[in-house]
Amino acid sequence: MSEAVAGCPHPLRSRRRAVLALALLAVGARARAAASVADANALLVQSDAIRNPRQPFAVDIRLSEYRDGKQVDESSLNIYAKIDSDSGQYRNLVRFARPLRDANKLMLVNGNDMWFFDPSSSAAVRISPQQRLLGRASSGDVVTANLARDYRAELAGEERIQDGELQARDCTLLKLAAHTKQANYHAVRLWLDSASRQPVKAEYYSQSGHLLKTVMYRRAQRVLGELRPTEAVIIDGRDTSWITVMDFSGYVARDIPDAWFQRDYLPRFRPERDQ
């Protein structure tokens, strides 16, 4: 008689089959996880394309700050944005238009560098993306950025949430983890409309896990060939009565000289009406 009981599988063969089955399951799980990550990052790329025109463009932003439902401050910016061919990330030149005390001040974002320029002193000072501009809107919030360049996405399921218009929306939830130094936040939770992939809501978190702000995207309009949100409502993570509204208008495709994104050019920049 063989080492195994007649009619029963050999113990060694059984162990080999079990090991092989476990290995195949592990390979399948890794393949599914890889596919899930690929799908999540593809959705993030699609969402970036909806938020941001691919061609060089200019846009005006009005920032309105509210406390307990009452407007307490307002400012206006002109943004010039263009994708850097090497990094794939946007370069931004921001001109402060209003209030008059800030008129013609500039902010430059080029790769890892962010500079603030005051023409009254002719000095360019390095600043942080977290530096506040107005209310809960920081320097990093007003500039154009491809999230897919700075974050890795993970599918976190489907949820039905209330959007910025107080309507129920079926959404896909993405969890984003920063993986470059350019990332303005440690982690982001991003809800996309399940059908259109329009951004609906985002939550931004610090490295310690604290909710810094919630953003609701509203008023989608067809702009430069795509349906894009034209308003972002920023709600403070600790005090929900502190709200900043960003209105986007005047989108226009335009040829932007590369020289505009050089720090040495800032003293020579003139408002568009003088170009």
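Those letters in the sequence shown? Residues 4 to 278, per our numbering, in order.
We put the CB at the ideal spot given by N, CA and C, even for glycine.
Please report the residue range of the beta strand (DSSP E) in which residue i lies.
| i | result |
| --- | --- |
| residue 179 | 171-181 |
| residue 65 | 60-70 |
| residue 195 | 190-196 |
| residue 158 | 154-165 |
| residue 229 | 229-239 |
| residue 256 | 245-256 |
| residue 242 | Element bounds for residue 242: n/a, residue is neither H nor E. |
| residue 78 | 73-86 |
Would residue i pass as a contact of residue j if the rule is Cβ separation under 9 Å?
| i | j | result |
| --- | --- | --- |
| residue 140 | residue 249 | yes |
| residue 206 | residue 53 | no |
| residue 256 | residue 134 | no |
| residue 232 | residue 222 | yes |
| residue 259 | residue 69 | no |
| residue 153 | residue 92 | yes |
| residue 191 | residue 146 | no |
| residue 47 | residue 193 | yes |
| residue 1 | residue 264 | With the chain running from 4 to 278 in the structure shown, residue 1 is simply not present. |
| residue 61 | residue 81 | yes |
| residue 87 | residue 235 | no |
| residue 136 | residue 66 | yes |
Kindly indicate which three-state DSSP category residue i falls into: helix, strand or coil?
| i | result |
| --- | --- |
| residue 119 | strand |
| residue 264 | helix |
| residue 95 | strand |
| residue 130 | coil |
| residue 273 | coil |
| residue 50 | helix |
| residue 43 | helix |
| residue 303 | Because the chain here runs from 4 to 278, residue 303 falls outside it and cannot be looked at. |
| residue 185 | coil |
| residue 33 | Bear in mind that a pLDDT of 44 at residue 33, under 50, signals an unreliable position, so the number given afterwards is only what the model happens to contain. Helix at residue 33. |
Going by DSSP, name the residue or residues bridged to residue i.
| i | result |
| --- | --- |
| residue 113 | 116 |
| residue 204 | 194, 219 |
| residue 150 | Per DSSP, none; premise fails for residue 150. |
| residue 135 | 141 |
| residue 214 | 208 |
| residue 225 | 230 |
| residue 101 | 79 |
Name the two residues that bound the continuous alpha helix (DSSP H) containing residue i.
| i | result |
| --- | --- |
| residue 142 | 142-145 |
Item checked: At least three beta-carbon pairs within less than 8 Å, the stretch 96-109 to the stretch 195-210 -> no
Margin query: Across the stretch 169-182 and the stretch 214-234, are there enough close Cβ pairs to call them in contact, namely three or more that are closer than 8 Å?
Written below: no
Next item on the list: Examine the Cβ distances between the stretch 108-120 and the stretch 259-271 and report whether three or more of them are shorter than 8 Å.
Entry: A contact exists between the stretch 108-120 and the stretch 259-271.
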